[in-house]
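This report concerns only the one structure given below.
There are 4 protein chains.
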Amino acid sequence: MPPSGKVKVGIIGSQFEADIHAAGFQLMPEEAEVVAVASPTPGNAESLAKRYGIPRVFLNYRDMLKEPDIEMVTITAPNSLHAQMTIDIAIAGKHVVCEKPLCMTLAEADEMIDTCKRKGVLLAYAEELFFTPKYVKAKQMADQGAFGKVYLVKQSEKHFGPHSPWFWDMEKAGGGALMDLGCHGIAFAYWFLGRPAIKSIYAHLATNVHAAKTKGDDEALCIIEFENGATGLIENSWARRGGMSDRSEIFGEGGVTYADLHMGNALPTYSEYGFGYAVEKAPSTQGWSYPVFEEHWNYGIPQEMRHFARCVRGKETLQSTGEDGRVVMQALYAAYASAGLGQKVQMPYKPTTNRPVDEWLNRKGK
Amino acid sequence: MPPSGKVKVGIIGSQFEADIHAAGFQLMPEEAEVVAVASPTPGNAESLAKRYGIPRVFLNYRDMLKEPDIEMVTITAPNSLHAQMTIDIAIAGKHVVCEKPLCMTLAEADEMIDTCKRKGVLLAYAEELFFTPKYVKAKQMADQGAFGKVYLVKQSEKHFGPHSPWFWDMEKAGGGALMDLGCHGIAFAYWFLGRPAIKSIYAHLATNVHAAKTKGDDEALCIIEFENGATGLIENSWARRGGMSDRSEIFGEGGVTYADLHMGNALPTYSEYGFGYAVEKAPSTQGWSYPVFEEHWNYGIPQEMRHFARCVRGKETLQSTGEDGRVVMQALYAAYASAGLGQKVQMPYKPTTNRPVDEWLNRKGK
Amino acid sequence: MPPSGKVKVGIIGSQFEADIHAAGFQLMPEEAEVVAVASPTPGNAESLAKRYGIPRVFLNYRDMLKEPDIEMVTITAPNSLHAQMTIDIAIAGKHVVCEKPLCMTLAEADEMIDTCKRKGVLLAYAEELFFTPKYVKAKQMADQGAFGKVYLVKQSEKHFGPHSPWFWDMEKAGGGALMDLGCHGIAFAYWFLGRPAIKSIYAHLATNVHAAKTKGDDEALCIIEFENGATGLIENSWARRGGMSDRSEIFGEGGVTYADLHMGNALPTYSEYGFGYAVEKAPSTQGWSYPVFEEHWNYGIPQEMRHFARCVRGKETLQSTGEDGRVVMQALYAAYASAGLGQKVQMPYKPTTNRPVDEWLNRKGK
Amino acid sequence: MPPSGKVKVGIIGSQFEADIHAAGFQLMPEEAEVVAVASPTPGNAESLAKRYGIPRVFLNYRDMLKEPDIEMVTITAPNSLHAQMTIDIAIAGKHVVCEKPLCMTLAEADEMIDTCKRKGVLLAYAEELFFTPKYVKAKQMADQGAFGKVYLVKQSEKHFGPHSPWFWDMEKAGGGALMDLGCHGIAFAYWFLGRPAIKSIYAHLATNVHAAKTKGDDEALCIIEFENGATGLIENSWARRGGMSDRSEIFGEGGVTYADLHMGNALPTYSEYGFGYAVEKAPSTQGWSYPVFEEHWNYGIPQEMRHFARCVRGKETLQSTGEDGRVVMQALYAAYASAGLGQKVQMPYKPTTNRPVDEWLNRKGK
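If you read the protein sequences in the order shown, they are chains A, G, P and C.
Basically my numbering = 1-based index in the first sequence + 178.
Basically my numbering = 1-based index in the second sequence + 178.
Basically my numbering = 1-based index in the third sequence + 178.
Basically my numbering = 1-based index in the fourth sequence + 178.
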């Protein structure tokens, strides 16, 4: 008899992103519940478990995978661990939700996809922009013909640098702002346009501000040509002051729309004394700020997690797949190569390194 | 044994507001499910039931009240029917969710409150602004001290006129824009400031645009003095072109915040061809428009309905009560009287008519 | 032979507002030049003269009035001095530009108007909102029928308190935020609607934040009924944090427009280090701020001064007169009386005190 | 004896841009006056002359050049005529104001610059963005250190296609949206950063919407690397619906600013009936629109023309030179070549064609 009721979920990780997953499931509890969390640093998993009332805690995620009732496991660990964890989860017969970017190499991606397919589990790629309400509205309008043929999709995510130290380390992250944030933009443009093949990519990268901290790029501009003739312009930064910024703009021959998740949704606020929280990565709550509300909801996290749970129960068809993550991964390799070569790179690009960023770093200064 | 599981809900009504209730419950299904709808016009209830998969349909709400499993009934009928329906529901032993404004007279309000108390059922007053995410954020900041002492709360709801014909009929509605929309603003300021007593009210009313359709006010400005020294400025209109507008502004000695639910959340959009839907009461989707997203969520409807269901289960304490609705009702009487008298009216005001609007109409032109 | 060439101008005063006049003339130098400045505090006039290259400096404005070539004198002194100065200037045969509000009493206003008429000089009332480019655009659209019949004009000016100490002193200022800032809003609504008679006024006043500094109002809401059926809603504050705010909103049966001179024109800016200047009365240039550009131009100061000079040369007809200033003055008296009485005051109101604010203070707490 | 008084100006052209020049001089008349206009189409010059009170009218600009009192001539003719006209004007001993882009080839640019130098006349390059008040404010903040080191300058101008038919004709225009609008953005980034040498350029071009009308690009994305390490991102379109859009964004390690000349300055307006004028290239004034005010002033036209006149009188030093125009021209060649090559082009680039656009068209599809 197939399982019914709420999907039981385990989370690997205990930091920023794990917290977001737990909060997302909590906000829409109809379809799933988090029953376990695993994190290797003593105390960390306990802390998350306490905040969200998660009953079971593990130091080793492999122990968590032994729990027979857990049906779906989400991965919020550093990028370099995604492939191994996905494969372990799949072999344990559980569905996988893997945070972005999917992994480090195309070979890893292929193995992840194959293993999940073989084991009959879902490989859900956690691209929340596919579920972000404001962006979904933009896509609905486009799909209703509001803009005629869309010729340019712009997506930009910028802030002053990531929340966890491992992002700066290219061994663990595999790339800088382009990999961390550009994976969103690439996926967004691809999805928005209906998944046309990517024809070519050009990227401009720089380490403008954080060279003391990282060899990775902290600034990235990326131009994508799609087979359907449309263009994507993806802008990312780890060097933008003033808090998080996530914006999309859609241009078609028949119209245009602007979707700004932060300044375009916020309560412009002046506070002499400060207050609890304004927005992700905001530097201060004193003076003027742009506090947002229902941040997780407006990013689409609970909607995304609910969707994945419903897919597990067969109520919906997976909208963000390992294959999507692989497309993004290959585009990231091409983009880093392009930045190193100073020229547009044709797709499909065959990577020459084991980390996207090395396509750029190895050619830099030559 | 007390009931458990999802709260079973019946809806009275089948039009605009009933649809919103059904959509609200659907969006957050964890705590409640709509199992019945009652509407006297043949076919209407069926239509709503079909859209939302509601199993049971009634022409007479009293028949619906005989269903033993229904625990909570929401009222979306014209204002003049609220009191009788509430009393009937309470006598049937079911919890009541009554749309705004609460009723027509203070005597009705008292009887509604008393009957519900006597029968041991909740009388929930459906003021969604207490649950509107952007406004809740404003209140959180205020409660965290962001603005120091708040001295002015502004709230404004404006559009070009209501969706159902009964609103224009003062027999059924009891008042115009002030009653329909100002009830939100009065409740909002009262709630935002922590429910201080209302000391006095001044209102300016006019029928500027829709005099051919209604004797009621289509424009209302209302100044409220609270016991704690703060002021409320409530602006409402049935004559504002361009679609729905709902805004609040908070001023304290230590800061200020601006919360605009529509233009301040929207995707500014130009469409040559139009598209499905922009926003409540929008005149067109061609040319420039301000489409919003997740409209019900951003008004707070699902959060509100979920809260009421959780109150039925004893998981939360009712945040929007019949008593709140009575405070608003008394303030509405005072406001209409003030507009008729041309002076500030001290509270508590003892009504002299059986419909709020008559306090103004009876004195007008004298 | 009548004078030709540039109109030679003298300025009385040397502080904030005098600086604005000098800057305004400098920005549009075609029609006028400032040749003298008079200020009683030793050094002050010199300082202004140096900044703007003004050749002549006086301690006593009466000495300045003896200069035969000066044709127009602008008054930026405290309100209580406006009448005497205007009369002195007129008797000296020179045209007068008097800052707002016009004076302290209606008797003063009448004497100012009469004297100027008798001496054949212009009495220009320096209401810059009649020249503010963004507001002029709003009026042009209205006059072109964009909004059909306009039924509501909103105007609001707010900041955290005036730049010169005399404003707090009711002896010198004659009123608080309503008098200082509301005079703009009242004039604006009157002008925007085509100068219909004012039928009634209601005002709500409070001293919320600055009671230690002033007996005057630091918060004012004012509702004006015009003979043509339209309403004005004027909001003013000396207690609004975050820098200057000046906004107007126009509502007609056929449309609406929003004109915000500050946040609606600014360059939203985040600066870690700060910079020279953001906007009038801004608290800081670090963190987020809303710097504006060409501030004087966007308030309409140079356009206003140019207009007055052209009126002196007979090239244009005076658009902002002593009579306008008198209408505002009478409305201010009525508004203060209304706040004291707690009721709408019918116009024309006959003042009972010698300073507008006393109409309120004398009745307060009774 | 050198000339004094107002600089006497002649305008070549009578259409859109000529009107802007005439309006610009009229708005700030202190330093210059337009005394003549020349246009080959019978009636056109008369029409402009009538609108602006210009006394002298010519069919042949060479006749206008014979007028001895004219000191400065502005060119608003198609790009392909700029060089010959500039040389004729210089030989006539008059100062030149040449509209953007400067000309068609670098050889032309050199001859223009050399001839003007040899004849001792100014060659002013009419890049109004150097005078646009909002952008000037952004640069002032940057120069005051508000943003620390600026690493990214974004500039975008977009609309739905030019006002005169010759723009679509590559013979006369020499390029499409990149040449017409990108010349602004390139100049802006160069100027904003303090004129660092351009190191490389990458451009992505497309003809998405107007292929039936033009062989030129109607969409352009351009990434510029400057010697100082900063990047420029220039976005242009002739295919953006909804009226004119001109925006700049500045990113530095210490801050960020957003300057939007249109939606960020406008009066958001809804009109059921329409009105006179909203903004350059706006499709309609009915429904929602974004009317702007003082459009010429806010683009900086009068300030620019005043500056050029003052340079003629030696009161200021030329801020926008033929050399600036040449830098932009060379960058345009490189950008078109880059789009053809699909790779970043190193500067200084040596053109291989006689029109910028041919660097792209000749390589396209190969």
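From the three backbone atoms N, C-alpha and C, an ideal C-beta is built for every residue, glycine too.
Quick check: what's the CA-CA separation for P/E152 versus C/E224? With chain P running from 179 to 544 in the structure shown, residue 152 of chain P is simply not present.
Every unbroken alpha helix (DSSP H) within the region 208-251 of chain G, with a cutoff of 4 residues, ordered by chain: You should have 222-230, 239-243.
Got a sec: is the Cβ-Cβ distance from A/N476 to anything in chain C below 7 Å? Along the first sequence, read from residue 1 onward, the residue named residue 476 of chain A stands at position 298. Not closer than 7 Å to any Cβ of chain C, the Cβ of A/N476 fails to qualify, so no.
Return yes when the Cβ of A/L356 is within less than 7 Å of the Cβ of A/E335, no when it is not. Within the first sequence, the letter at position 157 stands for residue 335 of chain A. Within the first sequence, the letter at position 178 stands for residue 356 of chain A. Remark: C-beta atoms of A/E335 and A/L356 do not approach each other more closely than 7 Å.
Consider the Cβ of C/H440: report whether some Cβ of chain A lies at a distance smaller than 7 Å. Taking the fourth sequence and counting its residues from 1, the one referred to as residue 440 of chain C is at position 262. Judged by the 7 Å Cβ criterion, C/H440 is not in contact with chain A.
Would a C-beta distance cut-off of 7 Å place C/K522 and C/Y329 closer than the cut-off? Here the question's residue 522 of chain C lines up with position 344 in the fourth sequence. Here the question's residue 329 of chain C lines up with position 151 in the fourth sequence. Between C/K522 and C/Y329, the C-beta gap is not smaller than 7 Å, which leaves the two residues out of contact.
Simplified DSSP assignment, three categories, for A/L330: To locate residue 330 of chain A, count along the first sequence from 1; it is residue 152. Three-state DSSP puts A/L330 in a strand.
What are the uninterrupted segments assigned as beta strand (DSSP E) that are 3 or more residues long and contained completely in the region 285-354 of chain P, given in chain order? At a cut-off of 3 residues, the continuous stretches assigned as beta strand (DSSP E) that sit fully inside the region 285-354 of chain P are 301-304, 328-336.
Output the boundary residues of the alpha helix (DSSP H) element that contains A/E195. Against the first sequence, residue 195 of chain A aligns to sequence position 17. Taken as a continuous stretch (DSSP letters only), the alpha helix (DSSP H) holding A/E195 covers 194-205.
The ligand GDP and C/A390: does the residue's C-beta get closer than 6 Å to at least one heavy atom of that ligand? Ligands are entirely absent from the displayed structure, and the ligand GDP is therefore not among its contents.
Pair within 7 Å by beta-carbon distance, P/W416 and P/D396: Sequence index remark: in the third sequence, residue 416 of chain P carries index 238 (1-based). Sequence index remark: in the third sequence, residue 396 of chain P carries index 218 (1-based). At a Cβ-Cβ threshold of 7 Å, P/W416 and P/D396 count as neighbours.
Can you name the residues of chain P whose CB is closer than 8 Å to the CB of A/P446? By 1-based counting over the first sequence, the position of residue 446 of chain A is 268. Listed along chain P are M441, each with a C-beta nearer than 8 Å to that of A/P446.
Is any beta-carbon of chain A found at less than 7 Å from that of P/G452? Against the third sequence, residue 452 of chain P aligns to sequence position 274. Not flagged as an interface residue toward chain A: P/G452, since no C-beta distance is shorter than 7 Å.
P/P446 beta carbon less than 7 Å from that of P/V457: Here residue 457 of chain P corresponds to residue number 279 of the third sequence, with the count starting at 1. Here residue 446 of chain P corresponds to residue number 268 of the third sequence, with the count starting at 1. Not closer than 7 Å, so no.
When DSSP labels each residue in this structure, what does C/D438 get in the three-state scheme? Numbered from its first residue, the fourth sequence carries residue 438 of chain C at position 260. Three-state DSSP puts C/D438 in a strand.
Using a Cβ-Cβ cut-off of 7 Å, state whether A/R418 counts as contacting chain C. Position 240 of the first sequence, counted from the first residue, corresponds to residue 418 of chain A. So yes, A/R418 belongs to the interface.
Ranges of the alpha helix (DSSP H) found wholly within the region 249-278 of chain A, counting only runs of at least 4: Counting only runs of 4 or more, we get 260-269.
Pick helix, strand or coil for G/R425, following the three-state DSSP scheme. The count along the second sequence starts at 1 and reaches residue 425 of chain G at position 247. DSSP places G/R425 in strand when its eight states are reduced to three.
Measure the Cβ-Cβ separation of G/H362 and G/L307 and say whether it is below 7 Å. Taking the first residue of the second sequence as 1, we reach residue 362 of chain G at position 184. Taking the first residue of the second sequence as 1, we reach residue 307 of chain G at position 129. Contact: yes.
Run of the beta strand (DSSP E) containing C/G399, from where it starts to where it stops: Your numbering for residue 399 of chain C matches position 221 in the fourth sequence. Checking the displayed sequence, the identity of residue 399 of chain C turns out to be Leu instead of Gly. Run containing C/L399: 397-404, per the beta strand (DSSP E) assignment.
8 Å CB neighbourhood of G/R419 in its chain, flanking five on each side removed: One-based indexing of the second sequence puts residue 419 of chain G at position 241. For G/R419, the CB contacts under 8 Å within the same chain, skipping 5 residues up- and downstream, are F338, P461 in chain order.
DSSP-derived helix/strand/coil call for G/G503: In the second sequence, residue 503 of chain G corresponds to position 325, counting from 1. Looking at G/G503 - three-state DSSP - the assignment turns out to be helix.
What are the start and end residues of the alpha helix (DSSP H) that includes A/L383? Along the first sequence, one-based indexing puts residue 383 of chain A at 205. For A/L383, there is no enclosing alpha helix (DSSP H); the residue is part of the beta strand (DSSP E) that begins and ends at 376-384.
Would A/S182 be called buried (16 or more neighbouring beta carbons within 10 Å of its own) or exposed? For the purposes of this step, residue 182 of chain A is taken as residue 4 along the first sequence, with counting starting at 1. Within 10 angstroms of the beta-carbon of A/S182 lie fewer than 16 other beta-carbons, which makes it exposed.
Would A/R296 be called buried (16 or more neighbouring beta carbons within 10 Å of its own) or exposed? Position 118 of the first sequence holds residue 296 of chain A. A/R296 should be labelled exposed.
What would DSSP say about P/E413, mapped onto helix, strand or coil? Position 235 of the third sequence, counting from 1, holds the residue named residue 413 of chain P. The DSSP-derived three-state label of P/E413 is strand.
In chain order, what residues of the region 485-498 of chain G put their CB closer than 8 Å to some CB of chain P? Residues of the region 485-498 of chain G whose Cβ lies closer than 8 Å to any Cβ of chain P: none.
Under a Cβ-count criterion, where at least 16 other Cβ atoms within 10 Å of its own Cβ denotes burial, should G/A390 be classed as buried or exposed? For the purposes of this step, residue 390 of chain G is identified with residue 212 of the second sequence, where counting begins at 1. By the 10 Å Cβ count, G/A390 comes out exposed.
Tell me, please, whether the CB atom of A/M319 is closer than 7 Å to any CB atom in chain G? Translated into positions along the first sequence, residue 319 of chain A becomes position 141. Yes, contact with chain G.
For C/G492, count neighbouring Cβ atoms within 10 angstroms of its own Cβ and tell me buried if that reaches 16, exposed if not. Start at 1 with the first residue of the fourth sequence, and residue 492 of chain C comes out as number 314. Counting of Cβ neighbours within 10 angstroms places C/G492 among the exposed residues, the total staying below 16.
Closer than 8 Å is the cut-off here; do at least three beta carbon pairs connect the region 316-327 of chain A with the region 275-293 of chain A? Output reads no: the region 275-293 of chain A does not touch the region 316-327 of chain A.
Given that G/K312 touches chain P, what residues does it touch there, using C-beta distances under 8 Å? Position 134 of the second sequence, counted from the first residue, corresponds to residue 312 of chain G. What G/K312 touches in chain P, judged by beta-carbon distance under 8 Å, is nothing: the nearest beta carbon there is about 17 Å away.
Between P/W344, P/D247, P/E245, P/A365, which has its C-alpha nearest P/L280's C-alpha? By 1-based counting over the third sequence, the position of residue 280 of chain P is 102. Ranked by Cα distance from P/L280, the first of P/W344, P/D247, P/E245, P/A365 is P/A365.
Quick one: is C/G271 buried, meaning 16 or more other Cβ sit within 10 Å of its Cβ, or exposed? Residue numbering aside, residue 271 of chain C sits at position 93 when the fourth sequence is read from its first letter. By the C-beta density criterion, C/G271 is exposed, having fewer than 16 other C-beta atoms within 10 angstroms.
P/Y514 at chain B interface by Cβ criterion, 7 Å: This model lacks chain B altogether, as its protein chains are A, G, P and C.
Around the Cβ of C/F194, are there at least 16 other Cβ atoms within 10 angstroms (buried) or fewer (exposed)? By one-based count along the fourth sequence, residue 194 of chain C stands at place 16. With fewer than 16 other beta carbons inside 10 angstroms of its own, C/F194 counts as exposed.
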